[in-house]
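Asker: Sequential numbering from 97 applies to the sequence shown in this note's numbering. All C-beta atoms, glycine included, are put in the ideal place defined by N, C-alpha and C. A single structure is presented below for examination.
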Amino acid sequence: MPLEILPAIDISKGQAVRLRQGDFETVLKVAEDPVRVARKFQEAGATRLHIVDLDGAKMGSPQNLPVIREMIRKLSIPVQLGGGLRSAELIDRVFRAASGIDRVIVGTTAASADDALMLDILHRYGDKIVVGADTKAGYIATQGWTERTTETAAEFGGRLVAMGARRFLFTDIARDGMLEGVNLEATRAFALAVGVPVLASGGVGGIEDIQKLAAPDAQQSGIEGVIIGKALYAGRLTLEDALRIAAGG
């Protein structure tokens, strides 16, 4: 399977924004209308979007569902949604809110809640759950990336796979929004450790990152896709070029 390219749209106060290293003090608006951004990505060939409710990640429950619902209503491609989904009830609410959401990202709950809650979530939703492995210097971070735990990425991954996790989103927070290149070594090591599909995130700076992630060794390790945000908004690469490289062009 070719590397999946997922354009990212981060939502705060109803607008499309970007952060650096998950720092809420660095919010930069990239578009007034996230619906237009979503439609542009679809028209350029995206097969799935990665949408994050930043206010939800900070507050602990979804805060931008009305605009996210409107975005999805105007799309014909599925959406992977994250941000503040810390209970089965909130996940239920999100899936009921919009049929176009086919996967949700669970990060803080997976890292800090009791195992029974995560077992229940994974049992209920199976491969609709993407477990967020958000790392700072090799350790898992929670609460919208603001708190670092004492659990390494490999320990966390092994624990969640044992519970039934079927897919992870691996983010090197230090690279996020910095355009300095994805941390391929850490992402590959994590993918090999967990043995299930992994999406890479954080630091894509240009077409060379797509080439590295689409290379056979990365694919064979279990990296199945990549989230691209700031590089698209900053004009470092086009979605069309990223899709072409991912497809082997």
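What alpha helix (DSSP H) runs, 4 residues minimum, are completely inside the stretch 154-184?
Answerer: 161-169
Asker: Going along the chain, which unbroken runs of the alpha helix (DSSP H) with 4 or more residues stay wholly within the stretch 204-232?
Answerer: 204-208 and 211-221
Asker: Output the boundary residues of the alpha helix (DSSP H) element that contains G254.
Answerer: The residue given as residue 254 occupies position 158 in the sequence shown. Its alpha helix (DSSP H) spans residues A249 to M259.
Asker: Report the rounded CA-to-CA distance for D188 versus A250, giving the unit in angstroms.
Answerer: Locating residue 188 in the sequence shown gives position 92, where the first residue counts as 1. Locating residue 250 in the sequence shown gives position 154, where the first residue counts as 1. Taking the straight line joining both Cα atoms gives about 29 Å.
Asker: On a CA-only basis, which of A258, D198, G302 and L275 is nearest A212? Give me that one, please.
Answerer: For the purposes of this step, residue 212 is identified with residue 116 of the sequence shown, where counting begins at 1. The shortest Cα separation from A212 among A258, D198, G302 and L275 belongs to A258.
Asker: Tell me whether A142 sits in a helix, a strand or coil according to DSSP, three-state version.
Answerer: In the sequence shown, the residue the question calls residue 142 occupies position 46. A142: coil per DSSP, three-state reduction.
Asker: Does the stretch 214-226 touch the stretch 271-285, meaning 3 or more C-beta pairs lie closer than 8 Å?
Answerer: no
Asker: Select from G318, R262 and L256 the residue whose C-alpha is nearest the C-alpha of E281.
Answerer: Within the sequence shown, numbered from 1, the residue matching residue 281 stands at position 185. The shortest C-alpha separation from E281 is found at G318.
Asker: According to DSSP, what are the bridge partners of D106?
Answerer: The residue you call residue 106 lines up with position 10 of the sequence shown. Answer is V113 and V148, bridged to D106.
Asker: Determine the DSSP secondary structure at R263, reduced to helix, strand or coil.
Answerer: Indexing the sequence shown from 1 puts residue 263 at position 167. Coil at R263, not helix or strand.
Asker: Have a look at V131 and V292 and give me their C-alpha separation to the nearest angstrom.
Answerer: As a working note, residue 131 is residue 35 in the sequence shown. As a working note, residue 292 is residue 196 in the sequence shown. Near 32 Å, if we compare the C-alpha coordinates of V292 and V131.
Asker: In the DSSP assignment, find the unbroken beta strand (DSSP E) run with L275 in it and report its ends.
Answerer: The residue given as residue 275 occupies position 179 in the sequence shown. Run containing L275: none; DSSP gives neither H nor E here.
Asker: Taking all protein chains shown into account, decide if S172 is buried (16 or more other Cβ within 10 angstroms of its Cβ) or exposed.
Answerer: One-based indexing of the sequence shown puts residue 172 at position 76. Label assigned to S172: exposed.
Asker: Quick one: what's got a C-beta closer than 6 Å to A343's C-beta in the same chain, skipping five residues either side?
Answerer: Start at 1 with the first residue of the sequence shown, and residue 343 comes out as number 247. If we look at A343 and ignore the five residues flanking it on each side, its Cβ neighbours are P98.
Asker: For E100 and T283, what's the separation of their Cα atoms in angstroms?
Answerer: Position 4 of the sequence shown holds residue 100. Position 187 of the sequence shown holds residue 283. If I take the Cα positions, the gap works out to 15 Å.
Asker: Can you tell me which of the three DSSP states A195 falls into?
Answerer: As a working mapping, residue 195 is identified with position 99 in the sequence shown. Contrary to the premise, residue 195 reads as Ser rather than Ala in this sequence. Coil, per DSSP.
Asker: Taking DSSP's pairing of strands, which residues face L295 in a bridge?
Answerer: Position 199 of the sequence shown, counting from 1, holds the residue named residue 295. Answer is L265 and G321, bridged to L295.
Asker: In three-state terms, what does DSSP make of R244?
Answerer: The residue given as residue 244 occupies position 148 in the sequence shown. Three-state result, R244: strand.
Asker: For P103, count neighbouring Cβ atoms within 10 angstroms of its own Cβ and tell me buried if that reaches 16, exposed if not.
Answerer: For the purposes of this step, residue 103 is identified with residue 7 of the sequence shown, where counting begins at 1. It counts as buried.
Asker: Please classify M155 as buried or exposed, where buried requires at least 16 neighbouring CB atoms within 10 angstroms.
Answerer: As a first step, residue 155 must be located in the sequence shown, where it is residue number 59. Exposed, since its Cβ has fewer than 16 Cβ neighbours within 10 Å.
Asker: By the DSSP assignment, the beta strand (DSSP E) with A237 in it spans what residues?
Answerer: As a working note, residue 237 is residue 141 in the sequence shown. A237 -> beta strand (DSSP E) spans Y235 to T238.
Asker: With DSSP collapsed to three states, give me the class of E336.
Answerer: Residue mapping note: residue 336 aligns to position 240 of the sequence shown, counting from 1. Note: E336 maps to helix in three-state DSSP.
Asker: Secondary structure at V300, three-state DSSP: helix, strand or coil?
Answerer: The residue labelled residue 300 in the question sits at position 204 within the sequence shown. Correct three-state label for V300: coil.
Asker: Please classify A311: does DSSP put it in a helix, a strand, or coil?
Answerer: As a position in the sequence shown, residue 311 is number 215, starting the count at 1. In this structure, DSSP gives A311 a state outside helix and strand, which the three-state scheme calls coil.
Asker: Leaving out five residues before and five after V126 in sequence, what residues of the same chain have Cβ atoms less than 7 Å from its Cβ?
Answerer: Along the sequence shown, one-based indexing puts residue 126 at 30. Here the set comprises A112, V113, R114 and Y329.
Asker: Starting from A327, follow the alpha helix (DSSP H) in both directions and report where the run begins and ends.
Answerer: As a working mapping, residue 327 is identified with position 231 in the sequence shown. K326 to Y329 is the extent of the alpha helix (DSSP H) around A327.
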